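Under our numbering, read the sequence shown as residues 954 to 1436, first letter to last.
To start, the structure under review is shown below, and the notes come after it.
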Amino acid sequence: MTQAAEQELADVGVTGLAVMGANLARNLARNGFRVAVHNRSRAKTDKLIEEHGDDGTFVATEEMEDFVQSLATPRKIIIMVKAGGPTDAVIDQLVPLLDTDDIVVDAGNAHWDDTRRREKALKEQGIRFVGTGVSGGEEGALNGPSIMPGGDADAYSHLAPMLEKISAQVDGEPCCRHIGPDAAGHFVKMVHNGIEYADMQLIAEAYDVIRSLTGMSPAELAEEFKRWNTGVLDSFLIEITAEVLAKVDERTGKPLVDVILDAAAQKGTGTWTVQSALSLGVPVGAIAEAVFARAVSSQPEQRAAVRERFGDVTAEQADDAKALIDDVEQALYASKIVAYAQGFDLIRTASNEFEWGVNPGDLATIWRGGCIIRAAFLDRIKEAYEANPDLANLLVDNTFAADVEKAEAAWRRVIGRAVNAGIPVPAFSASLAYFDSLRRGRLPAAVVQGQRDLFGAHTYKRIDAEGSFHVEWSGDGSESPAD
Ligand code: 6PG
């Protein structure tokens, strides 16, 4: 190939030009990279060039073969198609066209187990597969997402100049770092989404408690959320909640939130987080309750039947709105600390299990910008893990421990008032129960062990002797060593 032809080759390719893929391609082009673009249907490729061709240098291709041939080696190809089968289909199409050491980046919300399988399979063919979390939605993809690449460290060294340049930047640092080998990146992105679900549910519960007990309008609540966004709860999700609550529905003139059907959907990453936590034996109750709250909201028949039998909840109006709002702010913050503590515990457990060597301080650093859970709070998490990378639990970091101590009374008051008023607060309650369980000297698990030994001879351990034991419950009732 002539030198001129070599120079014409693209630095990176993006296949899959729905909004996320197109925006990522535009972000790369805007940052000076030559970007080859491909889509199964040519129309999306043409649309991108027609509407945004002046963002930078694009190499529009139609056939997958042309797309691959238009790339400088080692080729760097970003796949941005639906997780699951569509991703496998694109990989199957690509692999026969690639050379040793080429790099395939899956930037979709793939399940981490699929990524482990794909990375292993492609490695056997000499091709590097990098499962990468990309957070920040369409706006983030265009203007700077938080990027969580996994896979081979050497492959990352080829990707870093691009990914770190197009990512969000906070204090001059890119919100992109190599997370760890094989599926570490997609696992971390999944847990990011699990924490996101918990954060969103906790905010929704905070809204429900205040509105139900004070009768404040969504517009008034929007002002409170804006105020919260200047304090410890300063975050993207608080900011956008204020925007959602302030929005007036053009069709009816009512608050938009009052005409949105109260049935929450999900694309699945929250469910995967809980399934993964169950498999790894990690308690993530705040995240699980957020996933189940979406499921409960999407049970119209059961909801109607139970409401018909028991009647709806009508909460008694509080006469201390200001105090209640301040209490809810503290309860939300304490519950949020628990949700992040659970998410980071899950990531550490998986990292140890799969020998990924994930650095929790890195995650807090790259989540400070670009991603959906970006928040000032993450600076404190970064400091906590930099001060003590082996922190037993985020709750015992000095700063967070002091925050929880300060918030505890309000946390309990809010949950107590909600429970007594019949306002469901599953994520708030699960967060407090997690905190209370971890701090208890004696948990009722001893009763569970006794039950299990009686009906299933599953044995139990003692607090005053080594080994396992079993009681002859249906015999003479004697205890015998069970090892
Ligand atoms: C992000 C978001 C994004 C999320 C979708 C769907 O980090 O940009 O987490 O990846 O998956 O917005 O979210 P649901 O699972 O709630 O449908």
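All residues carry an ideal CB built from backbone N, CA and C; glycine is no exception.
Since we're looking at a predicted model, the values are computed, not measured.
Provide the residue(s) that pair with VAL922 in DSSP beta bridges, ordered along the chain. Any property of residue 922 remains undetermined from this structure, which presents the chain solely from 954 to 1436.
Counting Cβ pairs, one atom from each stretch, are 3 or more of them under 8 angstroms apart for the region 1299–1313 and the region 1393–1413? no
Which residue marks the beginning of the alpha helix (DSSP H) containing PRO1114, and which one marks its end?
The residue you call residue 1114 lines up with position 161 of the sequence shown. Taken as a continuous stretch (DSSP letters only), the alpha helix (DSSP H) holding PRO1114 covers 1106–1119.
Practice task
Rank GLN1283, ALA1374, VAL972 and VAL1244 by C-alpha distance to the C-alpha of LYS1359 and give the top, closest one.
Solution key: Start at 1 with the first residue of the sequence shown, and residue 1359 comes out as number 406. Comparing Cα positions, the closest option is GLN1283.
Less than 8 angstroms between C-beta atoms, sequence neighbours within five positions excluded: which residues of the same chain meet that for SER1023? Position 70 of the sequence shown holds residue 1023. Taken in chain order, the residues that qualify are LEU962, ALA963, GLY966, ALA989, VAL1012 and THR1014.
| For ILE1416, does the count of other Cβ atoms within 10 angstroms reach 16, so buried, or fall short, so exposed? | Locating residue 1416 in the sequence shown gives position 463, counting from the first residue. The residue is exposed, with fewer than 16 neighbouring Cβ atoms inside 10 Å.
Original post:
Where in the region 1228–1269 do unbroken runs of the alpha helix (DSSP H), each at least 4 residues long, occur, reported from the N-terminal end onward?
Top reply: 1238–1250 and 1253–1263
**Item:** ALA982 to ASP1161 span [Cα, whole Å]
**Value:** One-based indexing of the sequence shown puts residue 982 at position 29. One-based indexing of the sequence shown puts residue 1161 at position 208. If I take the Cα positions, the gap works out to 44 angstroms.
Checklist entry - In this structure, does DSSP put SER1165 in helix, strand or coil? => result Stepping through the sequence shown from its first residue, residue 1165 is reached at position 212. It is helical.
Report task. Closer than 6 angstroms by C-beta to VAL1235: which residues in its own chain qualify, once you throw out the five before and the five after it? Chain order, please. Result -> One-based indexing of the sequence shown puts residue 1235 at position 282. Here the set comprises ASP1298, LEU1299 and THR1302.
**Asked** When you compare only the Cα positions, how much space is there between ASP1211 and LEU1174?
**Response** For the purposes of this step, residue 1211 is taken as residue 258 along the sequence shown, with counting starting at 1. For the purposes of this step, residue 1174 is taken as residue 221 along the sequence shown, with counting starting at 1. Approximately 13 angstroms, taken between the alpha carbons.
Checklist entry - What whole-angstrom Cβ distance do ILE1056 and ALA1108 have, given they're in contact under 8 angstroms? => result Within the sequence shown, numbered from 1, the residue matching residue 1056 stands at position 103. Within the sequence shown, numbered from 1, the residue matching residue 1108 stands at position 155. About 5 angstroms; that satisfies the 8 angstroms criterion.
**Q.** Cβ-Cβ distance between VAL1335 and GLY1314 below 7 angstroms
**A.** The sequence position of residue 1335 within the sequence shown is 382, counting from 1. The sequence position of residue 1314 within the sequence shown is 361, counting from 1. It should be pointed out that residue 1335 corresponds to Lys in this sequence rather than to Val. The answer is yes: Cβ separation under 7 angstroms.
Neighbourhood of ALA1337 by C-beta, 7 angstroms cutoff - its chain only, sequence neighbours within 5 removed:
Position 384 of the sequence shown, counted from the start, is the residue given in the question as residue 1337. LEU1344, LEU1347, ASP1350, THR1352 and PHE1353, listed in sequence order.
At the level of alpha carbons, what is the spacing between ILE1326 and LEU1190?
On the sequence shown, residue 1326 is found 373 positions in, with the first residue counted as 1. On the sequence shown, residue 1190 is found 237 positions in, with the first residue counted as 1. Rounded to whole angstroms, ILE1326 to LEU1190 spans 7 angstroms at the Cα level.
ask   = Any idea what DSSP makes of PRO1098, helix, strand or coil?
value = As a first step, residue 1098 is located in the sequence shown; it is residue number 145 there, counting from the start. PRO1098: coil per DSSP, three-state reduction.
- Count the other CB atoms within 10 Å of the CB of ARG1081; is the residue buried (16 or more) or exposed (fewer)? Counted from its first residue, the sequence shown places residue 1081 at position 128. Counting Cβ neighbours within 10 Å, ARG1081 comes out buried, since at least 16 surround it.
C-beta contact flag for LYS997 and LEU970 at 7 angstroms
Position 44 of the sequence shown, counted from the first residue, corresponds to residue 997. Position 17 of the sequence shown, counted from the first residue, corresponds to residue 970. Cβ atoms of LYS997 and LEU970: closer than 7 angstroms.
Q: Please classify PRO1434: does DSSP put it in a helix, a strand, or coil?
A: Sequence index remark: in the sequence shown, residue 1434 carries index 481 (1-based). Correct three-state label for PRO1434: strand.
Given a threshold of 16 other Cβ atoms within 10 Å of its Cβ, counted over all protein chains shown, does GLY1223 qualify as buried or as exposed?
-> Start at 1 with the first residue of the sequence shown, and residue 1223 comes out as number 270. So GLY1223 counts as buried.
Query raised in the report: Which residue or residues does DSSP assign as beta-bridge partners of GLY966?
Result: Sequence index remark: in the sequence shown, residue 966 carries index 13 (1-based). BP columns for GLY966 point to ALA989 and ILE1030.
Compute the minimum distance between the beta carbon of LYS1220 and the heavy atoms of the ligand 6PG, and state whether it is under 6 angstroms.
-> Numbered from 1 along the sequence shown, position 267 holds the residue referred to as residue 1220. Yes, since a heavy atom of the ligand 6PG falls inside the 6 angstroms radius drawn around the Cβ of LYS1220.
Going along the chain, which unbroken runs of the alpha helix (DSSP H) with 4 or more residues stay wholly within the region 1323–1408?
1330–1340, 1351–1374 and 1379–1392
Separation of PRO1098 from SER1110, as counted between CA atoms: Looking up residue 1110 in the sequence shown gives position 157. Looking up residue 1098 in the sequence shown gives position 145. Approximately 19 angstroms, taken between the alpha carbons.
| Exposure label - GLY1133; buried when at least 16 CB within 10 Å | Looking up residue 1133 in the sequence shown gives position 180. Buried, because 16 or more other Cβ atoms sit within 10 Å of the Cβ of GLY1133.
_Under 6 angstroms: does the beta carbon of GLY1089 sit that close to some heavy atom of the ligand 6PG?_
What you label residue 1089 is simply residue 136 of the sequence shown in a count that begins at 1. Because some heavy atom of the ligand 6PG lies under 6 angstroms away, the Cβ of GLY1089 counts as near it: yes.
Which same chain residues end up closer than 6 angstroms to ALA1287 when comparing Cβ atoms and leaving out the 5 residues on each side of it in sequence? Locating residue 1287 in the sequence shown gives position 334, where the first residue counts as 1. Result list for ALA1287: VAL1357, ALA1360 and TRP1364, in chain order.
- Message: Measuring only from the beta carbon, is ASN1146 closer than 6 angstroms to any heavy atom that is part of the ligand 6PG?
- Response: Here residue 1146 refers to the residue found at position 193 of the sequence shown. Checking every heavy atom of the ligand 6PG against the Cβ of ASN1146, one is found closer than 6 angstroms.
- How many angstroms separate the CA atom of GLY1086 from the CA atom of ALA1151? Translated into the one-based positions of the sequence shown, residue 1086 becomes position 133. Translated into the one-based positions of the sequence shown, residue 1151 becomes position 198. Rounded to the nearest angstrom, the two C-alpha atoms are 19 angstroms apart.
Below 8 angstroms CB to CB, which residues in the same chain sit around MET1115 once its five sequence neighbours on both sides are set aside? Stepping through the sequence shown from its first residue, residue 1115 is reached at position 162. Within the same chain, MET1115 has close Cβ partners ASP964, VAL965, LEU981, ASN984, PHE986 and LYS1029.
Could you please give the first and the last residue of the uninterrupted alpha helix (DSSP H) stretch that includes HIS1005? For the purposes of this step, residue 1005 is taken as the residue at position 52 of the sequence shown. Residues 995–1005.
| task | State the DSSP-derived secondary structure class of ASP1279, mapped to helix, strand or coil. | result | In the sequence shown, residue 1279 corresponds to position 326, counting from 1. The answer is helix: DSSP assigns ASP1279 an H, G or I state.
**Prompt:** Count the other CB atoms within 10 Å of the CB of ARG1393; is the residue buried (16 or more) or exposed (fewer)?
**Reply:** Here the question's residue 1393 lines up with position 440 in the sequence shown. Per the 10 Å Cβ criterion, exposed.
Exercise. According to the Cβ coordinates, are GLU1158 and ALA1383 closer than 7 angstroms?
Worked result: Locating residue 1158 in the sequence shown gives position 205, counting from the first residue. Locating residue 1383 in the sequence shown gives position 430, counting from the first residue. In this structure, ALA1383 does not lie closer than 7 angstroms to GLU1158 by Cβ.
* Is the distance from the Cβ of SER1165 to the Cβ of ALA1216 below 7 angstroms? -> As a working note, residue 1165 is residue 212 in the sequence shown. As a working note, residue 1216 is residue 263 in the sequence shown. Cβ atoms of SER1165 and ALA1216: not closer than 7 angstroms.
Check your understanding: Can we count ILE1325 as close to the ligand 6PG, meaning its CB is less than 6 angstroms from some heavy atom?
Key -> Residue 1325 sits at position 372 when you count from the first residue of the sequence shown. Checking every heavy atom of the ligand 6PG against the Cβ of ILE1325, one is found closer than 6 angstroms.
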